[in-house]
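Following my numbering, the numbering of the sequence shown begins with 125 at its first residue and continues without gaps.
For glycine and all other residues, C-beta sits at the position ideal for the given N, C-alpha and C.
Treat the numbers as computed from the prediction; the structure is a model and nothing was measured.
The next block holds one structure in the form of structure tokens; read it before the comments.
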Amino acid sequence: MKYFVVDRGDELSLRLTEQFHRLAHSYGMEQNEEKPDIVLSIGGDGTMLHAFHRFQHLVDELWFVGIHTGRLGFYADWTPDEIGQLAKLMNTPLEESNLRIAEYPLAEIQFTTADGIETYLALNEFTLRGIEETMVAQLNINDDMFEMFRGDGICISTPSGSTAYNKAVNGGLIHPSLEAIQIAEIASINNRVYRTLGSSMILPKHHHCDIYPRTKKNVQLSIDHLYSQRNDVLSIRCKVSPDKKIKFARFRPFPFWSRVQKAFIGTEFH
Ligand code: NAP
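What follows is the structure, given as structure tokens:
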């Protein structure tokens, strides 16, 4: 098996990376940056975002596994003291390892500029925000005008990204087995003159939305942790990626709602 490790760069993550290299060597695994079969992310959910973007061109061909070195992760489900067990399971014949592949939907984001179309994949979300002035943007759903948005911005998230920025702007949490994207408003202006829906909306796989920025000034665009400021984007089409999903190798069950409960509620009841 060929593997590659992406780590957060802190002391614990670096130490675990070294430990994993030694274990992998003892099992005869080969480190391969060009075409790994499995990518380990050692750090937090942010580290998994880096790992995904580094290897997104191979997303159909590889599996991701996350070891968290901070708080519980949504993408990272192994703890540092389980690294030996994980290495062993990775080298156990498939039929004995209880391996299960969890596939999560991705969002496909297309920017149209005067020069053509740029296509990106988001694991968590895409956001569009005003920088120098209130952001004004027309939102169409399935090619029909839906509303004219005024406010700080718009967040389009995947189901697995629903626990990230989307949650901070009061979007709902979506189980990653549902193929959908969520449109959430970031501080919309709502009064007698300007009106938007106010609630977040969830679009199924066969629907799409288009956002037309109506400002000549720069807007901030983000795809996961990657940010840019531009004024040349004429429209942005957002939909569930029709053919790409991220695959996580699960060697034991860790239900999504248990992660949500542990991350946001905790185990103590009074
Ligand atoms: P970052 O520091 O890498 O991440 C910010 C926080 O978001 C970290 O605590 C990270 O967890 C957590 N996170 C990332 N993906 C998550 C997920 N799917 N579910 C729950 N928590 C998640 O920040 P960045 O590099 O600017 O942006 C990366 C991501 O951070 C973005 O995709 C966005 O979703 C999120 N973000 C959230 C807010 C907010 O909630 N107000 C603001 C900015 C960015 P770890 O500590 O485990 O890495």
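Using DSSP's beta-bridge definition, name the partner residues of residue i.
i: Asn-264; result: Met-269, Asp-334
i: Met-325; result: Ile-307
i: Met-259; result: Gly-275
i: Gly-187; result: According to the sequence provided, residue 187 is Trp. The question's Gly does not apply to it. Beta-bridge pairing links Trp-187 to Ile-162.
i: Tyr-401; result: Shown here, the chain extends from 125 to 394; a query on residue 401 therefore has no answer.
Hey, quick one: how far does the beta strand (DSSP E) through residue i stretch, first residue to last?
i: Gly-208; result: Unbroken run through Gly-208 is the alpha helix (DSSP H), 207-214; no beta strand (DSSP E).
i: Glu-232; result: 224-237
i: Arg-361; result: 359-374
Could you check if residue i is buried or exposed, using at least 16 other CB atoms within 10 Å of its CB as the buried criterion?
i: Asn-248; result: buried
i: Asp-98; result: Absent from the structure is residue 98, since the part of the chain shown begins at 125 and ends at 394.
i: Arg-195; result: exposed
i: Glu-309; result: buried
i: Ile-278; result: buried
i: Ser-323; result: exposed
Considering only their Cβ atoms, is the gap separating residue j from residue i smaller than 9 Å?
i: Leu-252; j: Ala-231; result: no
i: Leu-327; j: Ile-307; result: yes
i: Pro-160; j: Leu-186; result: yes
i: His-177; j: His-330; result: no
i: Pro-229; j: Lys-369; result: yes
i: Val-130; j: Gln-155; result: no
How is the alpha helix (DSSP H) around residue i delimited, first residue to last?
i: Val-384; result: 380-384
i: Gly-170; result: 169-179
i: Ala-292; result: 289-292
* Asked: Given 8 Å as the limit, is there contact between the segment 365-385 and the segment 273-280, that is, 3 or more CB pairs closer than that?
  -> no
* Do the segment 338-346 and the segment 292-305 touch if we need at least three Cβ pairs shorter than 8 Å? -> no
* Asked: Do the segment 196-216 and the segment 133-152 meet, that is, are 3 or more Cβ pairs less than 8 Å apart?
  -> yes
* Tell me, please, whether the segment 162-178 touches the segment 199-213 by the rule of three or more beta-carbon pairs shorter than 8 Å. => yes
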